[in-house]
Amino acid sequence: MHLNTQFMWETFLDVLYGIPVTLKIVAVTLLVSAPLGFLMAVSKSGEGRVGRRIIVAYVSLIRGTPVVLQILFLYSLLPTALNYLIKEVLGLTYNIFNLDPIFYAYIVFILNTTAVLSEVFRSALATVNSGQREAALAIGMSKIQAYVRIIIPQALVAALPNICNTTVSLLKSTSLAFMMTVKDITAIAKIDASFGYNYLEAYLVIFIVYIFLCSAVQGVFHLTERNAAAYKRPAAS
Amino acid sequence: MRPFHPQYILEVLPQLIWYLPVTVAVVIGTVFFGSLLGILLAAGKVRRGRAGLVLANVYIYVIRCVPSIVLLFLVYYGLPELLSTFGIDINSAGKGFFVITTFSLLFGASMAEVFRSAYEAVDRGQREAAVSIGLTEFQAFYRIVLPQCVRVAIPNFTNALVNLMKEGSLAYTIGLIDIMGKGQLIIGQNHGSYSLEIYLALFFLYWVLTLLIEKGAGFSERRLTPEKKRGGGASKCI
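Quick note, the sequences are listed as chains F and X, same order. So the first sequence is residues 321 to 557, counted in the working numbering. So the second sequence is residues 38 to 275, counted in the working numbering.
Structure follows, in structure tokens:
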């Protein structure tokens with residue numbers, strides 16, 4: 321077996337430019353999906369039969385089908401559908417085909433991650449005893465105050481390991497963004513490899529890069545977990 | 038707006054279903070080889086020896102961090118080269134070989150955790166009690182310990198299985214013709230038209246497969262739960 325180390329080093333330097341793209345997709349997705357998923361989790365346990373049915377069906381569909389299929393479907397549907405919407409319905413002249421494809425990546429991964437996070441939050445909220453909410457309301461807090469000050473801090477401790485898992489699998493899924501012509505880590509490696517058929521070397525490089533990124537994500541969550549659980553430790557005197 | 042023909046979904050479904058056995062075969066092959074790997078890794082984790090523990094933990098950590106598609110390409114391009122240095126030529130091996138190898142490597146890591154937690158969930162006293170009332174060692178394992186292990190393992194196993202089936206759809210990227218690959222082929226033959234209809238048909242197939250797996254899992258979980266425990270306290274699962 322012969323590896324072209326010179327090529328591997330050059331690919332590594334190229335791939336570094338893809339890391340911000342990958343992390344941007346992960347960050348934007350999480351920032352949008354977390355509140356949406358939380359709202360879904362709350363409304364799932366609330367009243368309203370129709371809304372709950374729709375949410376259950378949505379979560380089941382998203383979780384029951386491959387991400388790659390969701391990407392291919394939305395990437396072949398959205399550009400033309402948006403173009404029609406803008407040109408025919410709204411009467412604007414904006415050319416949707418100039419849009420940075422990363423926006424399609426945002427949409428796909430937000431749709432996907434929201435479904436997963438809604439389940440994570442639902443089970444986390446269920447770990448907080450309902451007495452906590454009742455006590456908070458009894459001492460005069462509003463519903464929102466009860467959530468923000470009492471329920472969420474406790475539910476977060478239970479949710480963090482699962483949020484970490486979700487983030488790791490999101491990070492891994494972003495490797496499919498190259499199908500939407502987004503220039504992320506995997507896309508850059510693929511392009512570099514295709515010049516001289518150095519696929520093995522290129523994939524070895526990003527194999528290592530993904531392990532580093534994933535370790536960094538897990539490290540961040542580890543620190544957050546310790547901070548979030550601080551209230552469980554006895555106060556220092 | 039491009040034209041949309043819902044009736045084409047029904048037209049294309051039979052053509053896709055024809056390739057369902059390939060998708061299922063990949064899953065079954067992977068479950069078999071992945072479980073073997075999972076047993077080895079789980080044994081490494083529960084047996085005493087430190088080396089086995091470290092090795093299993095490192096393997097599971099690395100696999101957890103690597104996107105399936107990267108591992109798939111790595112195996113597809115790397116394995117023939119790696120084996121050729123040992124004088125083994127697998128360049129003529131089918132695409133299915135590389136797909137099952139890749140997903141076995143991935144599935145083995147999740148199965149290791151499934152096996153380990155199931156093994157540790159069953160109390161030692163169960164075996165001892167069974168042996169003390171006169172069951173043989175084999176009977177104690179087969180009739181007492183195994184059913185309890187299986188019941189504990191079912192939810193995690195189901196998750197891993199559904200994930201495997203979904204990830205399996207990536208096999209088309211190296212040219213395996215399963216339902217996903219056939220869908221892409223048809224789209225190619227149509228020069229890109231009807232893609233939405235074909236993707237919707239694929240959504241339908243994958244969703245049905247997932248629901249079937251989950252239904253089957255729920256059924257076997259109920260079968261393995263003793264009467265006494267079935268009634269009270271069972272959490273509702275949607």
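In this text, a Cβ means the ideal position worked out from N, Cα and C, and glycines have one as well.
List, in chain order, every chain X residue whose beta-carbon is nearer than 7 Å to that of residue i.
{"i": "F:C534", "result": "C102"}
{"i": "F:Y519", "result": "F110, Y114"}
{"i": "F:L392", "result": "Y236"}
{"i": "F:K503", "result": "The contacting residues do not exist; F:K503 stays about 16 Å from chain X at best."}
What's the call for residue i, buried or exposed, on a 16-neighbour Cβ count within 10 Å?
{"i": "F:P355", "result": "exposed"}
{"i": "F:Y426", "result": "buried"}
{"i": "F:S535", "result": "exposed"}
{"i": "X:T122", "result": "exposed"}
{"i": "X:K219", "result": "buried"}
{"i": "X:S272", "result": "Because the pLDDT of X:S272 is 47, which lies under 50, any placement of that residue in the model is unreliable, and the question is left without a value."}
{"i": "F:I464", "result": "exposed"}
{"i": "X:S206", "result": "buried"}
{"i": "F:A349", "result": "One detail in the question is off: residue 349 of chain F reads as Thr in this sequence, not Ala. So F:T349 counts as buried."}
{"i": "X:I275", "result": "With a pLDDT of 43 at X:I275, under the threshold of 50, the modelled position of this residue cannot be trusted, and the question is left open."}
{"i": "X:S129", "result": "exposed"}
{"i": "X:N200", "result": "buried"}
{"i": "X:Q221", "result": "buried"}
{"i": "F:K552", "result": "exposed"}
{"i": "F:R562", "result": "Limits of chain F in this structure are 321 at one end and 557 at the other, which puts residue 562 of chain F out of reach."}
{"i": "F:L410", "result": "exposed"}
{"i": "X:R161", "result": "exposed"}
{"i": "F:G627", "result": "This structure leaves residue 627 of chain F out entirely; chain F is present only between 321 and 557."}
{"i": "F:A455", "result": "exposed"}
{"i": "F:Q390", "result": "buried"}
{"i": "X:P104", "result": "buried"}
{"i": "X:F41", "result": "exposed"}
{"i": "F:W329", "result": "exposed"}
{"i": "X:L47", "result": "exposed"}
{"i": "X:L249", "result": "exposed"}
{"i": "X:R153", "result": "buried"}
{"i": "F:D420", "result": "exposed"}
{"i": "F:I505", "result": "buried"}
{"i": "X:G270", "result": "Its pLDDT being 46, under 50, X:G270 is placed unreliably by the model, and the measurement read from it follows with that caveat. X:G270 should be labelled exposed."}
{"i": "F:N518", "result": "buried"}
{"i": "X:Y179", "result": "exposed"}
{"i": "F:M408", "result": "The sequence shown places Glu at residue 408 of chain F, not Met. Exposed, since its Cβ has fewer than 16 Cβ neighbours within 10 Å."}
{"i": "F:G539", "result": "exposed"}
Cβ closer than 8 Å: which chain F residues qualify as neighbours of residue i?
{"i": "X:V107", "result": "S495, T506, Y523, I526, F527, Y530"}
{"i": "X:T252", "result": "Here the sequence assigns Lys to residue 252 of chain X, which means Thr is not the residue at that position. Correct list: empty, because the minimum Cβ distance to chain F is about 12 Å."}
{"i": "X:Y219", "result": "It should be noted that the sequence gives Lys, not Tyr, for residue 219 of chain X. In chain order: nothing, as chain F lies at least about 13 Å away."}
Starting from residue i, find everything on chain F with Cβ-Cβ shorter than 7 Å and list it in chain order.
{"i": "X:S232", "result": "S396"}
{"i": "X:T247", "result": "G384"}
{"i": "X:L206", "result": "The sequence given here has Ser at residue 206 of chain X, not Leu. Correct list: P386, V388, L389."}
{"i": "X:L239", "result": "L389"}
{"i": "X:V99", "result": "I531"}
Since residue i and residue j should fall inside the 8 Å C-beta cutoff, what is the C-beta to C-beta distance between them, to a whole number of angstroms?
{"i": "F:T433", "j": "F:M360", "result": "Wrong, their Cβ atoms sit about 12 Å apart, outside the cutoff."}
{"i": "F:P387", "j": "F:L496", "result": "The amino acid at residue 387 of chain F is misidentified as Pro; the sequence shows Val. Between F:L496 and F:V387 the Cβ distance is about 6 Å, and since that is below 8 Å, they are a contact."}
{"i": "X:T164", "j": "X:A177", "result": "With the sequence shown as reference, residue 164 of chain X is identified as Arg, and Thr is not the correct amino acid for it. Their Cβ separation, rounded to whole angstroms, is 5 Å, which keeps X:R164 and X:A177 in contact under 8 Å."}
{"i": "X:Y236", "j": "F:L392", "result": "6 Å"}
{"i": "F:A509", "j": "F:I526", "result": "5 Å"}
{"i": "X:S169", "j": "X:T67", "result": "The pair is not a contact, with the Cβ atoms about 40 Å apart (cut-off 8 Å)."}
{"i": "X:A149", "j": "X:L78", "result": "3 Å"}
At a threshold of 6 Å, does residue i count as lining the ligand ZN (C-beta to nearest heavy atom)?
{"i": "X:L74", "result": "Absence of the ligand ZN from the depicted structure is noted, as is the absence of any ligand whatsoever, leaving it without description."}
Output, in chain order, the set of chain F residues within a Cβ distance shorter than 9 Å of residue i.
{"i": "X:W244", "result": "S380, L381, G384, T385"}
Whose Cβ in chain X lies nearer than 8 Å to the Cβ of residue i?
{"i": "F:F417", "result": "Within 8 Å Cβ-Cβ: nothing; F:F417 doesn't reach chain X, min ~14 Å."}
{"i": "F:V488", "result": "R101, C102"}
Residues of chain X with CB closer than 9 Å to the CB of residue i, please, in chain order.
{"i": "F:F541", "result": "Correct list: empty, because the minimum Cβ distance to chain X is about 13 Å."}
**Prompt:** According to a CB-to-CB cut-off of less than 8 Å, which residues of the segment 356–388 of chain F neighbour chain X?
**Reply:** Residues of the segment 356–388 of chain F with a C-beta less than 8 Å from any C-beta of chain X: V376, S380, L381, R383, G384, T385, P386, V387, V388, listed in chain order.
**Asked** Between the segment 143–157 of chain X and chain F, which residues of the former have CB atoms less than 9 Å from a CB of the latter, in chain order?
**Response** Taking 9 Å as the Cβ-Cβ cut-off against chain F, none of the residues of the segment 143–157 of chain X qualify.
**Asked** Mind listing which residues of the segment 119–145 of chain X have their C-beta closer than 8 Å to chain F's C-betas, in chain order?
**Response** Those residues of the segment 119–145 of chain X that come within reach of chain F (Cβ to Cβ, closer than 8 Å) are L119, S121, T122.
**Request:** Scan the segment 80–130 of chain X and note each continuous alpha helix (DSSP H) run of 4 residues or more that stays entirely inside, going in chain order.
**Result:** Every unbroken stretch of the alpha helix (DSSP H) spanning 4 or more residues and falling wholly within the segment 80–130 of chain X is given here in chain order: 87–102, 105–121.
**Item:** Continuous beta strand (DSSP E) assignments of at least 3 residues falling wholly in the segment 370–454 of chain F
**Value:** The qualifying runs do not exist here; there are none.
**Prompt:** At what residue ranges does the segment 123–181 of chain X contain a whole run of the alpha helix (DSSP H), taking only runs of 4 or more?
**Reply:** Within the segment 123–181 of chain X, the complete alpha helix (DSSP H) segments at least 4 residues long are 132–158, 161–169, listed from N- to C-terminus.
**Asked** Can you list the alpha helix (DSSP H) stretches of 4 or more residues lying completely in the segment 211–265 of chain X, in chain order?
**Response** Note on the segment 211–265 of chain X: whole alpha helix (DSSP H) runs with a minimum of 4 residues are 216–226, 232–261, in chain order.
**Cβ-based contacts, 8 Å cut-off: residues of the segment 77–99 of chain X near chain F** = Contacts with chain F (Cβ-Cβ distance below 8 Å) from the segment 77–99 of chain X involve V99, listed in chain order.
**Prompt:** What residues in the segment 323–349 of chain F have a beta carbon less than 8 Å from any beta carbon of chain X?
**Reply:** Within the segment 323–349 of chain F, no residue has a Cβ lying closer than 8 Å to any Cβ of chain X.
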